[in-house]
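The structure appears below as structure tokens.
In the numbering used here, the protein residues as written are 6 to 425.
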């Protein structure tokens, strides 16, 4: 006995079977994630190499071209391009869709590691990453106030950023427009030349005398004590007393060739809000997590943080990807419901049979709601692609329902067959 014969002879069983699928679909719908687009792993690998202070021409000749030459030997490359700026080289290797991204990343890592020794001295280790669409910021929060940029940065970093990093599924938070504290040493070139010194010697002297290194262990009888060398300078004025070199049997101190100032790092980014100094916090979520849930948790945490901030410090959310996602998903859901309703009205208008129109109308939500169970099992989310696919399937469900109803009508009314 086939399934349709069982359903025809046992209508209660068929009804309960359909209702169970609907209940499972409703339960799965509440567990489905909401996002703008589905998770896609594009076969793109980036190689980022930094050499502080180097010109773009030097970076291109000594780093970028060498990386391109070895990466180009990997099979399956579809496109290879690079971007070179002052102090940084980025090489983008795009592979064909059939290439596994993990295999491609490992092959790039092996090729690049073979030429690291050829890079100029002082070059940072290359950072090799797979392209991740989830790496773009999902939220941007601006912290502003009628204070100096350094004070606003301190508040944004210590009182906001560090607390938001504890929120579940928050990946990384970067600051834009921040002005962190920096001890700056200004050297007089004429005095430097008078003592026959170079700026590199001053740099090495400061680095050598402002450092903490392990001191080992001190063992005595049955006791053991760890040692710590307190070599870092704690006060700004103490930098002036650093001995840079010896000149004619006399020490040359830092104050003899320049001066020290407790200032801010050189501005490289700018952020403003209503004309006041501001710091922007760009929030990125962990890969594969739900954007809407992450932003909702961040908003709740931000409300708690706001109560503990000074009265003159304002926080404002200037970018929230969840707003666009919620609006897009709600519009697609509205179109889905409206499409099913209009399809039922059209069937009733042309067939002019209330029973037939009711059966077709019931088939639409039943089929779509039951599909949520399969979506949750397969790891899909409610996004623009999946909801548009369900909207297209509305027409297919209506067509199938009409064909089945017409076939039943033909057998019963025209062929004289029994309903059971």
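We put the CB at the ideal spot given by N, CA and C, even for glycine.
Bear in mind that the values here come from a model prediction, so they are computed numbers and not experimental data.
Quick check on the burial criterion: 16 or more other C-beta atoms within 10 angstroms. Buried or exposed for residue i?
i: residue 68; result: buried
i: residue 5; result: Since the first residue of the chain shown is 6 and the last is 425, residue 5 is not available in this structure.
i: residue 186; result: exposed
i: residue 109; result: buried
i: residue 16; result: exposed
i: residue 378; result: buried
i: residue 315; result: exposed
i: residue 203; result: exposed
i: residue 455; result: Outside the modelled stretch of the chain, which goes from 6 to 425, sits residue 455, for which no answer is possible.
i: residue 47; result: exposed
i: residue 11; result: exposed
i: residue 394; result: exposed
i: residue 184; result: buried
i: residue 380; result: buried
i: residue 237; result: exposed
i: residue 207; result: buried
i: residue 144; result: buried
i: residue 345; result: buried
i: residue 365; result: buried
i: residue 72; result: buried
i: residue 88; result: exposed
i: residue 244; result: buried
i: residue 18; result: exposed
i: residue 13; result: exposed
Among the options, which one has its Cα closest to the Cα of residue i?
i: residue 382; options: 25, 91, 24, 29; result: 29
i: residue 301; options: 312, 275, 331, 48; result: 331
i: residue 247; options: 253, 235, 264; result: 264
i: residue 26; options: 374, 208, 399, 157; result: 374
i: residue 149; options: 182, 117, 124; result: 182
i: residue 253; options: 94, 66, 208, 200; result: 200
i: residue 84; options: 50, 54, 70, 93; result: 50
i: residue 121; options: 154, 102, 55; result: 55
i: residue 174; options: 162, 155, 140; result: 140
i: residue 270; options: 211, 154, 198, 337; result: 154
i: residue 172; options: 298, 58, 219, 313; result: 298
i: residue 295; options: 10, 24, 44, 12; result: 44
i: residue 323; options: 142, 354, 412, 267; result: 142
i: residue 338; options: 353, 390, 367; result: 390
i: residue 321; options: 278, 36, 111, 351; result: 278
i: residue 92; options: 99, 123, 102, 57; result: 57
i: residue 372; options: 342, 353, 358, 216; result: 342
i: residue 124; options: 411, 70, 20; result: 70
i: residue 198; options: 262, 177, 229, 209; result: 262
i: residue 399; options: 319, 340, 416, 417; result: 340
i: residue 259; options: 193, 218, 61, 216; result: 193
i: residue 211; options: 226, 319, 190, 156; result: 190
i: residue 219; options: 249, 233, 156; result: 233
Bridge partners of residue i, per DSSP?
i: residue 223; result: 230
i: residue 278; result: 281
i: residue 1; result: Examination of residue 1 is not possible in this model, given that the chain is present from 6 through 425 alone.
i: residue 15; result: Answer by DSSP bridge pairing: none, since residue 15 is not bridged.
i: residue 171; result: DSSP, once it has assigned bridges, lists no residue as partnering residue 171.
i: residue 267; result: 188
i: residue 290; result: 175
i: residue 84; result: 99
i: residue 145; result: 287, 324
i: residue 400; result: Residue 400 is not bridged to any residue.
i: residue 135; result: 50
i: residue 318; result: 150
i: residue 94; result: 54, 89
i: residue 387; result: 39
i: residue 332; result: BP columns for residue 332 are empty, so no partner.
Does the separation of the CB atoms of residue i and residue j fall below 8 Å?
i: residue 288; j: residue 146; result: yes
i: residue 52; j: residue 96; result: yes
i: residue 164; j: residue 286; result: no
i: residue 104; j: residue 81; result: yes
i: residue 387; j: residue 39; result: yes
i: residue 326; j: residue 41; result: yes
i: residue 306; j: residue 169; result: yes
i: residue 231; j: residue 222; result: yes
i: residue 369; j: residue 403; result: yes
i: residue 303; j: residue 158; result: no
i: residue 152; j: residue 282; result: yes
i: residue 106; j: residue 135; result: yes
i: residue 356; j: residue 362; result: yes
i: residue 275; j: residue 334; result: no
Measuring only between beta-carbons, confirm whether residue i sits less than 8 Å from chain C.
i: residue 408; result: This model lacks chain C altogether; it includes just one protein chain.
Inset, instruction - Count the C-beta pairs between the stretch 115-130 and the stretch 71-81 that are closer than 8 Å, then say yes if the count reaches three, no if not. - result: These segments touch.
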